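Chains as they are written, first to last, in this note's numbering: chain A, 4 to 316; chain B, 4 to 475.
Using N, Cα and C, we set each Cβ at its ideal position, and we do this for glycine too.
Please read all numbers here as calculations on a predicted model, not as lab measurements.
Please read the structure below before turning to the comments.
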């Protein structure tokens with residue numbers, strides 16, 4: 004038996020842990036682009052902010068897209084509701100609220116992550132320290148994930164947590180692709196200039212897949228392969244298909260446990276079926292941008308339905 | 004002014020006391036540097052597990068640790084037996100008093116407690132008149148604050164009969180000590196406190212409503228994660244294996260209180276509530292309360308839920324009532340109180356007021372309804388100006404205050420940078436009442452960390468110690 008409020012807390016705790024890490028990854032990818040290309044760095048930072056869904060809030064506060072401004076805004080600005088600092092703080096507040104549902108190890112890892120990031124992000128980050136700060140964020144969230152997977156019972160508590168993780172991750176990957184979808188379109192640069200190579204690598208880097216890509220595909224970056232990898236590859240832990248494989252699995256566990264299926268089951272099932280049936284060619288033919296826009300919309304609806312069906316409020 | 008206090012480990016007159024002899028032997032073998040290291044370990048353990056305490060009025064330090072001292076406070080088996088007899092008698096009297104006050108009011112008719120003390124008291128709930136809680140128990144969980152002033156003199160400082168807190172510190176302190184010094188627990192037989200959550204759960208289950216079918220569903224009601232004692236609420240729910248609920252999770256469904264779960268509403272039979280009476284039911288008490296459950300009082304009056312502690316128990320631990328406790332104990336148990344009260348001047352009485360105003364620099368003056376060490380004056384430690392200011396407040400509303408002599412609370416050593424040093428302590432044992440009375444051997448020892456200070460409240464710079472009752 005689980006309180007609706009507790010399920011809600013677990014779901015958002017995990018969404019925010021995922022988000023805290025995603026922000027670091029996005030800044031990491033942006034930093035790499037800015038270092039390799041001196042021109043148009045501001046355009047790259049703009050893409051990063053768009054992927055983070057934070058561009059409007061950023062431009063209200065800053066005039067210039069610089070590494071320092073963007074990193075500050077995405078990592079440590081507490082007025083930004085999605086910054087790493089705000090996310091880890093919100094994750095911890097949720098963890099505090101659902102503390103009785105967590106193992107001691109999981110709670111401690113979240114609490115320690117919060118303490119250490121709070122310390123680290125208390126003052127503006129020196130540009131020279133940025134790489135080590137990004138590493139530290141990824142390490143803290145990895146520790147949370149490790150203690151979570153290592154100690155939590157695989158019950159409804161685990162299911163609701165995972166739903167949060169994968170809804171957030173699917174949203175994140177889809178947004179990264181959507182912001183850069185035009186560089187993946189075959190019509191624009193079929194051959195692939197140096198510029199495109201950087202762009203493609205940046206996309207992969209923002210989902211920590213620039214190395215694993217080479218293990219799966221040929222060494223050369225090819226837009227259709229990149230899209231295939233991030234959308235359809237069932238083994239790639241940040242792909243849309245991967246996320247939906249687990250979303251449907253955990254929803255099935257809940258449905259079986261409670262003996263009841265809801266609207267969210269149908270929505271997740273539909274998206275899952277669409278992802279397994281489709282090929283990357285079909286997606287390109289129908290329009291990558293339209294595909295991603297639809298996906299993001301359906302994914303958001305899934306989150307709303309989960310909240311309603313399981314009485315989060 | 005320094006008071007000559009009785010030290011529980013090393014009294015000046017008689018030397019090392021027996022309960023401490025084994026510990027003292029161990030202590031002498033320890034390297035001081037290692038002990039300092041252990042002290043830091045303890046702080047790390049506490050900080051990591053999130054044992055924090057929000058201090059009112061200190062916004063910056065909204066999360067702060069209660070300092071923990073690694074020298075245990077040790078009580079012999081014999082001393083403990085005497086204490087428990089006194090506590091049991093007192094707790095029986097408290098429950099009998101509550102039942103009487105909300106029914107026939109014999110004690111008022113007998114003139115042993117003045118009527119107006121009850122009628123005008125905010126802690127008295129007219130809504131409880133004629134209501135008999137399931138199993139007839141009013142105050143299920145009690146924390147009796149006890150002070151010691153000599154080898155054989157123990158006094159009750161306060162009866163916390165509403166929602167006493169701090170039991171999680173008792174448990175975590177023991178846990179921490181066992182982690183830091185496992186060898187000590189092999190050498191010295193200390194009675195366990197770890198089973199408190201199980202006892203609490205059994206005790207709550209035993210007072211379920213008569214209509215409950217099968218095993219009762221128990222829940223802990225917390226005001227929420229921003230409450231200063233939230234850690235404790237979560238800790239207890241977790242240790243008992245029951246749900247931790249907030250007002251927003253609950254509503255009245257078909258004449259029962261039910262909680263919103265992922266599968267719909269589920270009935271609750273016993274609610275261990277950690278919210279104050281006035282927030283419990285916005286339909287009956289404070290209409291603006293979002294912390295309670297609209298309609299819960301109707302369910303309660305219909306006998307369909309147990310609320311622990313019962314609403315209205317505050318009338319028994321009110322500071323104005325406290326001064327009548329010796330009479331109350333004798334009235335209901337037919338015997339003199341085993342544990343005494345600290346002599347108390349009720350400032351509402353003109354003679355007492357006169358005495359208190361004349362001797363304010365020697366006395367401790369407390370607000371009748373205050374708690375947590377707020378709004379009190381410790382005469383000997385206060386400046387002349389503070390005494391004068393307080394006298395004005397006192398004279399303006401005498402019935403709001405009581406006064407007590409400044410007692411030389413016993414001391415127990417703490418570990419400081421310069422080695423062991425005595426500090427004043429008190430003791431809060433925890434009592435569970437169901438069809439029987441159970442007292443966990445131990446309790447929370449609070450210690451005033453500042454040299455010479457008599458205020459042990461954690462909100463005023465107090466710390467805690469592990470409390471050992473010897474199995475001897």
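*Hey, would you say residue 32 (chain A) sits closer than 8 Å to residue 209 (chain A), going by beta carbons?*
Taking the first residue of the first chain as 1, we reach residue 32 (chain A) at position 29. Taking the first residue of the first chain as 1, we reach residue 209 (chain A) at position 206. For residue 32 (chain A) and residue 209 (chain A), yes; Cβs fall inside 8 Å.
Contact defined as beta carbons within less than 8 Å: I believe residue 243 (chain B) pairs with residue 203 (chain B). What is the distance between those atoms, to the nearest angstrom? Looking up residue 243 (chain B) in the second chain gives position 240. Looking up residue 203 (chain B) in the second chain gives position 200. Confirmed, about 6 Å.
**Asked** Using the C-alpha atoms, what's the distance from residue 447 (chain B) back to residue 406 (chain B)?
**Response** As a working mapping, residue 406 (chain B) is identified with position 403 in the second chain. As a working mapping, residue 447 (chain B) is identified with position 444 in the second chain. Rounded to the nearest whole angstrom, the CA to CA distance from residue 406 (chain B) to residue 447 (chain B) is 25 Å.
Span of the alpha helix (DSSP H) holding residue 27 (chain A)?
As a position in the first chain, residue 27 (chain A) is number 24, starting the count at 1. Going by DSSP, residue 27 (chain A) is part of the alpha helix (DSSP H) stretching over 7-39.
Straight-line gap, residue 13 (chain B) to residue 254 (chain B) (C-alpha atoms, nearest Å): The sequence position of residue 13 (chain B) within the second chain is 10, counting from 1. The sequence position of residue 254 (chain B) within the second chain is 251, counting from 1. Those two C-alpha atoms are separated by around 56 Å.
Assuming residue 353 (chain B) is part of the alpha helix (DSSP H), what are its boundary residues? Translated into positions along the second chain, residue 353 (chain B) becomes position 350. DSSP places residue 353 (chain B) in the uninterrupted alpha helix (DSSP H) bounded by 353-361.
In terms of residues, what are the limits of the alpha helix (DSSP H) holding residue 260 (chain A)? Along the first chain, read from residue 1 onward, the residue named residue 260 (chain A) stands at position 257. Start and end: 243-261.
### Query
Given residue 430 (chain B), which residues of its chain have a CB within under 6 Å of its CB, disregarding the five upstream and five downstream residues?
The sequence position of residue 430 (chain B) within the second chain is 427, counting from 1. Beyond the five residues adjoining it in sequence on each side, residue 430 (chain B) comes within less than 6 Å, by CB distance, of 149, 446 and 448 in the same chain, given in chain order.
Inter-stretch contact at 8 Å, needing at least 3 Cβ pairs: the segment 84-93 of chain A / the segment 11-30 of chain A: Verdict: yes, contact present.
**Message:** Contact between the segment 236-252 of chain B and the segment 281-294 of chain B is defined here as three or more beta-carbon pairs at a separation below 8 Å; is this criterion met?
**Reply:** With a cut-off of 8 Å, the segment 281-294 of chain B and the segment 236-252 of chain B count as touching, because enough Cβ pairs lie within range.
Among the residues of its own chain, which have a CB less than 8 Å from the CB of residue 25 (chain B), if the five just before and after it don't count? Translated into positions along the second chain, residue 25 (chain B) becomes position 22. Result list for residue 25 (chain B): 190 and 191, in chain order.
Note to self: Measuring only the C-alpha atoms, how far is residue 316 (chain A) from residue 100 (chain A)?
What the structure shows: To locate residue 316 (chain A), count along the first chain from 1; it is residue 313. To locate residue 100 (chain A), count along the first chain from 1; it is residue 97. So the alpha carbons of these two residues sit roughly 14 Å apart.
Restricting to Cα atoms, I'd like to know which of A:5, A:59, A:177 and A:147 is closest to residue 293 (chain A). Residue numbering aside, residue 293 (chain A) sits at position 290 when the first chain is read from its first letter. In terms of CA proximity to residue 293 (chain A), A:177 leads the group A:5, A:59, A:177 and A:147.
Next item on the list: Name the one or two DSSP bridge partners that residue 158 (chain B) has.
Entry: The sequence position of residue 158 (chain B) within the second chain is 155, counting from 1. Residue 158 (chain B) pairs with B:150 and B:343.
Practice item. Could you list which residues in chain B have their beta carbon closer than 7 Å to that of residue 99 (chain A), in chain order? Key: The count along the first chain starts at 1 and reaches residue 99 (chain A) at position 96. Chain B residues near residue 99 (chain A): 228.
Let me make sure I understand the geometry here. Which of B:392, B:310 and B:433 has the alpha-carbon closest to that of residue 83 (chain B)? To locate residue 83 (chain B), count along the second chain from 1; it is residue 80. The residue among B:392, B:310 and B:433 with its C-alpha nearest the C-alpha of residue 83 (chain B) is B:433.
**Request:** Identify, in the order they occur along the chain, each residue of the same chain with its Cβ nearer than 6 Å to the Cβ of residue 126 (chain B), setting aside the five sequence neighbours on each side.
**Result:** Counting from one through the second chain, the residue named residue 126 (chain B) turns up at place 123. Here the set comprises 317, 318 and 321.
* Asked: Residues bridged to residue 71 (chain B) by DSSP?
  -> Residue 71 (chain B) sits at position 68 when you count from the first residue of the second chain. Under DSSP, residue 71 (chain B) forms a beta bridge with B:467.
From A:8, A:23, A:14 and A:29, pick the residue whose C-alpha is nearest to that of residue 211 (chain A); which is it? Residue mapping note: residue 211 (chain A) aligns to position 208 of the first chain, counting from 1. Of the listed residues, the one whose Cα sits closest to residue 211 (chain A) is A:29.
**Report entry** Residue environment, residue 43 (chain A), which counts as buried when at least 16 other CB atoms sit within 10 Å
**Finding:** Working through the first chain from its first residue, we reach residue 43 (chain A) at position 40. Residue 43 (chain A) comes out exposed.
Is it true that the CB of residue 312 (chain B) sits closer than 8 Å to the CB of residue 328 (chain B)?
Residue 328 (chain B) sits at position 325 when you count from the first residue of the second chain. Residue 312 (chain B) sits at position 309 when you count from the first residue of the second chain. No, these two residues do not count as a Cβ contact at 8 Å.
Q: Compare the beta carbon distance of residue 88 (chain B) and residue 440 (chain B) with 8 Å and say whether it is the shorter of the two.
A: In the second chain, the residue the question calls residue 88 (chain B) occupies position 85. In the second chain, the residue the question calls residue 440 (chain B) occupies position 437. In terms of Cβ geometry, residue 88 (chain B) and residue 440 (chain B) do not form a close pair [threshold 8 Å].
- Task: Would you kindly report the start and end of the unbroken alpha helix (DSSP H) that includes residue 95 (chain B)?
- Result: Taking the first residue of the second chain as 1, we reach residue 95 (chain B) at position 92. In the DSSP annotation of this structure, the continuous segment of the alpha helix (DSSP H) that includes residue 95 (chain B) starts and ends at 80-104.
Taking the alpha-carbon positions, what's the residue 233 (chain B) to residue 284 (chain B) distance? Start at 1 with the first residue of the second chain, and residue 233 (chain B) comes out as number 230. Start at 1 with the first residue of the second chain, and residue 284 (chain B) comes out as number 281. Rounded to the nearest angstrom, the two C-alpha atoms are 20 Å apart.
Closest to residue 96 (chain A) by C-alpha separation, out of A:83, A:230 and A:110, would be which residue?
On the first chain, position 93 is the one that residue 96 (chain A) refers to. That would be A:110, whose Cα lies nearest to the Cα of residue 96 (chain A).
Worksheet item: Taking 8 Å as the CB-CB limit, is residue 4 (chain A) close to chain B?
Response: The sequence position of residue 4 (chain A) within the first chain is 1, counting from 1. Answer yes: the Cβ-Cβ gap between residue 4 (chain A) and chain B drops below 8 Å somewhere.
Determine, for residue 314 (chain A), whether the minimum Cβ-Cβ distance to residues of chain B falls below 8 Å. Within the first chain, residue 314 (chain A) is the residue found at index 311, counting from 1. Chain B, which has a Cβ nearer than 8 Å to the Cβ of residue 314 (chain A), makes this yes.
**Prompt:** Which class does residue 73 (chain A) belong to by DSSP, given the choice of helix, strand or coil?
**Reply:** Taking the first chain and counting its residues from 1, the one referred to as residue 73 (chain A) is at position 70. Secondary structure of residue 73 (chain A) (DSSP, three-state): helix.
Going straight from the alpha carbon of residue 228 (chain B) to that of residue 289 (chain A), what length do you get? Numbered from 1 along the second chain, position 225 holds the residue referred to as residue 228 (chain B). Numbered from 1 along the first chain, position 286 holds the residue referred to as residue 289 (chain A). Straight across, the Cα-Cα distance linking residue 228 (chain B) with residue 289 (chain A) is about 49 Å.
task = Can you check the segment 39-113 of chain A for any alpha helix (DSSP H) of at least 4 residues that lies completely inside it and give the ranges in chain order?
result = Within the segment 39-113 of chain A, the complete alpha helix (DSSP H) runs of at least 4 residues are 44-54, 58-64, 70-74 and 87-100.
| task | Report all residues from its chain with a CB closer than 7 Å to the CB of residue 410 (chain B); omit the five preceding and five following residues, and keep chain order. | result | Within the second chain, the letter at position 407 stands for residue 410 (chain B). These residues qualify, in order along the chain: 150, 152 and 345.
**Q.** C-alpha distance - residue 22 (chain B) paired with residue 38 (chain B), whole-angstrom precision
**A.** Mapped onto the second chain, residue 22 (chain B) falls at position 19. Mapped onto the second chain, residue 38 (chain B) falls at position 35. Spanning the two alpha carbons is a distance of roughly 21 Å.
Handout entry: Anticipated Cβ contact below 8 Å, residue 104 (chain B) with residue 147 (chain B), distance rounded
Key = If you number the second chain from 1, residue 104 (chain B) lands on position 101. If you number the second chain from 1, residue 147 (chain B) lands on position 144. So it is not a contact: roughly 19 Å between Cβ atoms.
>> Can you tell me whether residue 156 (chain A) is buried or exposed? The criterion is at least 16 other CB atoms within 10 Å of its CB, across all chains shown.
In response: Counting from 1 along the first chain, the entry for residue 156 (chain A) is found at position 153. Exposed is the call here.
Q) For the putative contact between residue 219 (chain B) and residue 211 (chain B), defined by C-beta atoms under 8 Å, what is the C-beta separation to the nearest angstrom? A) Taking the first residue of the second chain as position 1, residue 219 (chain B) is located at position 216. Taking the first residue of the second chain as position 1, residue 211 (chain B) is located at position 208. The beta-carbon separation of residue 219 (chain B) and residue 211 (chain B), rounded to 4 Å, stays under the 8 Å limit for a contact.
**Message:** Against residue 276 (chain B), what residues of chain A qualify as contacts under a CB-to-CB distance less than 8 Å, listed in chain order?
**Reply:** For this step, residue 276 (chain B) is matched to residue 273 along the second chain. Those do not exist, as residue 276 (chain B) stays about 16 Å from chain A at its closest Cβ, beyond 8 Å.
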